[in-house]
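Notes for the one structure printed next.
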Amino acid sequence: MPPRPTRILVVDDHPLLREGIASVLESESDMRIVAEAANGREAVDAFRGSLPDVVLMDLQMPELDGVAAIEAIRAEFPAARIIVVTTYRGDAQAVRALKAGAQSYLLKSSLRKELVETIRATLAGRRRIPPEVAAEIAAHSADAELTSRELDVLKGVAGGNSNKLVAAQLNVTEETVKAHMKSILAKLGANDRTHAVTIALRRGILQL
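Quick note on numbering: the sequence shown equals residues 1 to 208 in full-length UniProt numbering.
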């Protein structure tokens, strides 16, 4: 009797991407997609309903994002094996996903070449992270994290608001916002406000 195929849950809000994953896996006789979900909330329900061996999880989705879905699944099913499949190379995004409980991280640009091997490695208990993402994580591992208030200030600035407007939105003084911006620039190694927003978006610290 042949061994039971690996049961896979695919989570992505783009149907074409789910179809692409299915086409990569259709030639693998020992792998089978048993459920699909279009957002994080559906993903949690689909996991309960299908109890897959591995989840392929997108990060940016409506209703409940990938990191929150990973946390919810792992809270209920601590042994769940989850592979993030994303376009985002930023270290902050990857670290959040790995801390939430994902075992591996795969860029969508590498799907055709690396999906099957990443699934096999993850099922064997090995962590797989693209070298460029691992290098970014290592490069910023000693960096001081932005505080929640600094993130609020940076989000306001990213929205094109002046210090005065950000101060009004956060109910603080303009001097307080300026002090937060000084700290943000130092932590991110940024030259100015625009540079800080660019760095934060690239690294996945901010999502607009």
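Ideal Cβ placement from N, Cα and C applies to all residues, glycine included.
query: Straight-line gap, residue 151 to residue 60 (C-alpha atoms, nearest Å); result: 19 Å
query: Residues bridged to residue 33 (per DSSP); result: 8
query: Within 9 Å, strictly: CB atoms of residue 70 and residue 122; result: no
query: Rounded separation between residue 16 and residue 39 - CA only; result: 14 Å
query: Option nearest residue 3 by Cα separation, candidates 29, 13, 68 and 22; result: 29
query: Residue 95 to residue 133 span [Cα, whole Å]; result: 10 Å
query: Classification of residue 191 by the beta-carbon crowding that lies within 10 angstroms, buried from 16 upward; result: exposed
query: Buried versus exposed, by CB contacts within 10 Å (16 or more), residue 58; result: buried
query: Cα-Cα separation, residue 45 to residue 138; result: 35 Å
query: 8 Å contact criterion, which residue 187 and residue 143 should meet: CB distance rounded; result: 7 Å
query: Rounded distance between the beta-carbons of residue 56 and residue 267, thought under 8 Å; result: As shown, the chain starts at 1 and ends at 208. That puts residue 267 outside it, with no answer to give.
query: Reference residue 65; option with closest CA among 27, 131, 195 and 93; result: 93
query: Cβ separation of residue 90 and residue 160, assumed to be a contact under 8 Å, to the nearest whole Å; result: Residue 90 to residue 160, Cβ: 22 Å. No contact.
query: DSSP three-state assignment for residue 177, whether helix, strand or coil; result: helix
query: Contact set for residue 107: own chain, Cβ-Cβ below 6 Å, skip 5 residues either direction; result: 130
query: C-alpha gap between residue 35 and residue 85, whole angstroms; result: 16 Å
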